[in-house]
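Take the sequence shown: its position 150, counted from the start at 1, is 173 in the working numbering, and no numbers get skipped. First comes the structure, then the notes that go with it.
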Amino acid sequence: MTLSANALPPAGDDFDSGPLSWVMGEIRETVGRSMAALSEAFAQDADADARNALLRQARTHLHQAHGALQIVDVEGVAILTETIEDLFDRLESAQLTLTAEMVEAIDHACAALVEYLEELLAGAPPQPVRLFPYYRALLQARGAERIHPADL
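Below, the structure is given as structure tokens:
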């Protein structure tokens, strides 16, 4: 059986931005708060307890954004926030060290995430693979052995 190109459904035309528009303000706000707490944690070089409290705060704020993203089901973005949450957990438990490079990777990933969502709201087609460079940087910071765009 063969299908003509006209018989195939159009790709990417079924994304409904309505649910995303309802939670976008919350996502922007909670991601911003998370990044502020992360920056403050990085500045707390000497005080491990204060740094860990700020990392928990950063994770909590990001988890709120993660939950909203899961509800609206935008392909490829929840794994980004999930990976950042995992980094926060590893930082708090001292499995990883908070470095300027890690802060930069997390900050860039969060900025790219918000920008990507805003582009979707503006009518851009969903292309989660555009987030791959940021996802790769996060996994490299975590020390992952397998990094592949198909994960998005």
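Virtual Cβ for every residue (Gly too), placed ideally from N, Cα, C. All values derive from a computational prediction rather than experimental measurement.
Rounded to the nearest whole angstrom, the C-alpha separation of L144 and A59 is 25 angstroms. Within the stretch 33-114, the complete alpha helix (DSSP H) segments of 4 residues or longer fall at 41-66 and 71-95, listed in chain order. R113 and F155 have their C-alpha atoms spaced approximately 21 angstroms apart. Restricting attention to R74, E98, T106 and Y158, the CA atom closest to the CA of L121 is found in R74.
DSSP places Q163 within a helical segment (H, G or I) once states are collapsed to three.
With distances taken between CA atoms, H84 lies nearest to E105 out of M125, E105 and R169. The shortest C-alpha to C-alpha distance from Q87 to any of A64, V46, E124 and L77 is the one to V46.
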